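The structure appears below as structure tokens.
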Amino acid sequence: MPMLAITTWPKGCQIMFMPTRKHFHASIFTTLLTCMGVSNALATSQNADLNTLRQKYQTAQSLFDQGKVEQARSLTHQLEAYPLYPYLAYRELMYTLPGLNQQAIANFQKRYPDFPLQGNLYSSWMSYLAGKGLWKNYLAAYDKERADDNLKCFRAAALYAVGDTKQADEYTQQLWLTGTSQPGSCDKAFSAWKGRGKQTTAMIQLRFAHALEKDNDGLAAYLNKLLPAGEQPRAKLLLGYYQKPETVLPVIRSLQKRPSADLAIIYAHALKRYGRSQPEVAVSLAGEKATFLYIDEANKNDAFDYYLGRIASQTPERYELFRQRYQRPYDDDDAEKVLRYWLAQPNWQEVLKLVNALPAEIQKDEVWRYWRARADLQTGQNATIANQALAALAKERSFYGYLAAQTLKQPYQLNHQPLPVSSQRQRDVMSMPAVMRAIELNILGQDWQSRREWFNALDHMTQDEKVAAARLAAQWQWHFVSIFTMAKAKYWDDTQIRFPMAYSNVFVPSAKALNLDPDWVMAISRQESAFRNDARSPVGARGLMQLMPATAQHTAKNFNLGTFAADDLYKPEVNIQLGTHYLLEVKNTFSGNRILATAAYNAGPSRVKRWLNERGHLPADVWVETIPFNETRKYVQNVLTYAVIYQKKLGIPEELIKPQERHLGPDTTVAKTPL
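Residue 1 is where the sequence shown starts when you use UniProt numbering, and the numbers rise one by one after that.
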């Protein structure tokens, strides 16, 4: 998260946030506190110099880390007016768990209700009580709203310990009947439950079925060993149905003559897996009355939706037949699958037929408004009505709105409408303890802890306060935080905050040096990371442009960019340099086509080449709409839309789809990337 920038406080109170890690000047922060109406304790005390307070805070944390609790406690008590004091109070409580009681925990929660580590303290204390066998105290303090799986397991053990066996049996059975592995804290309760004769063969079989339903082969293998020897062949049979779902079909009716709960689960799951390749057979079987014996209506509806969705993607004519046969309502997701099928043909008459058959409420969505107008124009029907529909759609700031504007050669609309934020509202937000803690943590270089405080604070804000918070974060150049905060406020029309000129001093020259469109590069980064420089995806992509270390190494080698460490990808300059070079490589792979390069940046070049070869030549809007991956389709639509917004901001001529990009086909690639 970037350092705090310079802003001016309303009514003459100037607050300076340095653009580096330099600390606030004490007198300025004192003025800030006075302007906000915060207690003057910090402003007038002899320790008002924040540099000194920060140093003491860091020293106290270090002492806690070293286990020097008494020295840390002595220093902590000098910092009660410092915004980060709750972190030290938390550390002190964590070191004194044996001496705590329920009231002490409640007092801390009451004093710091928005402190993000409240759950950690509660969980640690409850685990301590469980470890000491203080079960009555445990049950008295148990809060199901705050309990994780670990604490739930301890609760079961506590119920057995205090003699409430009836409730303990019922609660432990709930913990048992899951397809996922439970934590070790459940072992005590499971042992007691088993000792009372509750771990029956039926219970083991049922959990075995749930494990297969969750694709948890390891748990299923463990449970199989718990079964009596005479029952293990049956488990092996069920495992076979799970692994090869087609094998269940020949014996369906014989199995239905001796139904059981575990068989019903395995059968439904096997049928769903079979439906991936044979959805018409699956949906017909699902329609049989006996098929879903012991399966509730919700699961039956889920199964129908899954099968029909598969059919919609493969054979739309059959989708309509099955939808009517089983009296299923139109599903907008399935309808879009049918739309993509007919667009890929292309068959504009069927597109019109589909749109006209949809419920009126679904037809109002912009995707259907655009494609109805497009089909009308393509078939030569209702051109006047089609142009009117496009004109109305062109007023919107969206992918389909911009497609409509481009079709009619009308200006793209930005629709920038910032909400007014009062000075009082800004003061209210700035005076929130969590916001003050977020600022201090940022100054101390603890970025993710700072964001945690900020995001936790958002959960307690009104929409007006969130908008004010987003405005403050934008002023401080916390780009990702301001974007996220405005999204939490569900206000989408402040394009200055939602689409900041973040790192433009690096993006623009880097893009121009490689003859890339800077608006496109910034749009990629906005979509990839929302300009969070330390972003890391679950698979390991890093930084502003979300580069995988291996991809970055490959790019650096190909372009002779030198060596770097993986963590260097969190540095904006390094990430942008490598990201723009990789983007150039991908763009060159597709003859300079941004649309295809954008799809490849998300899904990989090989997939995009396969899609091109499978579909032949298509108009660009049709090609984007028929991208088979939902994530990639939305990704491309967002990037193209964001690029137009950044074109406006950069003063570049605005074009959603360039002339050379308007038709895509297999010949839009080259054999090898020219470097």
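Here a beta-carbon is modelled for each residue, glycine too, at the ideal position from N, C-alpha and C. On a predicted model such as this, the values are computed, not experimentally measured, just so you know.
Query	Result
Closer than 7 Å by C-beta to Arg-425: which residues in its own chain qualify, once you throw out the five before and the five after it? Chain order, please.	Asp-464, Glu-465, Ala-468
Could you give the C-beta distance for Tyr-330 and Pro-359, rounded to a whole number, given that I count them as a contact under 8 Å?	6 Å
Examine the Cβ distances between the segment 470-486 and the segment 376-384 and report whether three or more of them are shorter than 8 Å.	no
Would Asp-65 be called buried (16 or more neighbouring beta carbons within 10 Å of its own) or exposed?	exposed
Using the Cα positions of Thr-31 and Asp-428, report the straight-line distance between them to the nearest angstrom.	Low confidence applies to Thr-31: its pLDDT is 35, below 50, so where it sits in the model is not reliable, and the reading given next is rough at best. Straight-line Cα distance between these residues: approximately 16 Å.
Looking only at its own chain, which residues have a Cβ that is under 6 Å from the Cβ of Pro-83, when we skip the five neighbours before and after it?	Met-436, Arg-437, Glu-440
Taking its Cβ as the centre, do 16 or more other Cβ atoms sit within 10 Å of Val-644, making it buried, or is it exposed?	buried
Determine, using beta carbons only, whether residue 737 and Val-508 come nearer to each other than 8 Å.	What is shown of the chain runs 1 to 675, which leaves residue 737 out entirely.
To the nearest angstrom, how far is the alpha carbon of Phe-108 from that of Leu-100?	11 Å
Drop a sphere of 10 angstroms on the beta-carbon of Pro-245, count the other beta-carbons inside from all chains shown, and report buried for 16 or more, exposed for fewer.	buried
Output the boundary residues of the alpha helix (DSSP H) element that contains Asp-149.	149-161
Is Leu-664 helix, strand or coil by DSSP?	strand
Met-36 to Tyr-491, Cα distance in whole Å?	A caution first: Met-36 carries a pLDDT of 46, below 50, which makes its placement in the model too unreliable to give a value.
Could you pull the start and end residues of the alpha helix (DSSP H) that Leu-84 belongs to?	Counting along the chain, Leu-84 falls outside any alpha helix (DSSP H), and DSSP gives it neither H nor E.
Going by DSSP, name the residue or residues bridged to Leu-547.	Arg-542
Nearest CA to the CA of Leu-419: which residue from Gln-449, Tyr-412, Asp-493, Tyr-402?	Asp-493
Can we say the segment 57-75 touches the segment 452-460, given the rule of at least three CB pairs closer than 8 Å?	no
Where are the alpha helix (DSSP H) runs, 4 residues long or more, that stay fully inside the segment 365-434, in chain order?	366-379, 383-393, 399-408, 423-430
Would the segment 165-182 count as touching the segment 205-225 if we require 3 or more Cβ pairs under 8 Å?	yes
For Ser-619, write down the residues that DSSP places opposite it in a beta bridge.	Just to set this straight, residue 619 is Pro in the shown sequence, not Ser. DSSP, once it has assigned bridges, lists His-663 as partnering Pro-619.
Which residue or residues does DSSP assign as beta-bridge partners of Arg-536?	Arg-542
Determine contact between the segment 122-135 and the segment 149-158, defined as no fewer than three beta-carbon pairs at a distance below 8 Å.	yes
Are the beta-carbon atoms belonging to Ala-620 and Leu-664 less than 8 Å from one another?	yes
Of the choices Gln-577, Gly-562, Arg-374, whose alpha-carbon is the least far from that of Leu-547?	Gln-577
Do Ala-535 and Pro-549 count as a contact pair if the criterion is CB distance below 8 Å?	no
With H, G and I counted as helix, E and B as strand and the rest as coil, what does DSSP make of Asp-217?	helix
Would you call the segment 188-201 and the segment 160-176 touching, i.e. three or more CB-CB distances under 8 Å?	yes
From Thr-172 to Leu-223, what distance separates their C-alpha atoms?	17 Å
Hey, quick one: how far does the alpha helix (DSSP H) through Phe-590 stretch, first residue to last?	Run containing Phe-590: none; DSSP gives neither H nor E here.
Which residues in the same chain have their Cβ closer than 6 Å to the Cβ of Val-69, if we skip the five residues on either side of it in sequence?	Tyr-95
Please report how far the alpha carbon of residue 684 lies from the alpha carbon of Gln-118, in whole angstroms.	Because the chain in this structure spans residues 1 to 675, residue 684 falls outside the shown range and cannot be described.
Using only the alpha-carbon positions, how far apart do Arg-234 and Phe-208 sit?	11 Å
So which of Glu-231, Gln-232, Leu-79, Tyr-242 has the shortest CA-CA distance to Ala-211?	Tyr-242
Could you please give the first and the last residue of the uninterrupted alpha helix (DSSP H) stretch that includes Phe-322?	316-325
Is DSSP giving Ser-124 helix, strand or coil here?	helix
Quick one, are the C-beta atoms of Leu-516 and Leu-472 less than 8 Å apart?	no
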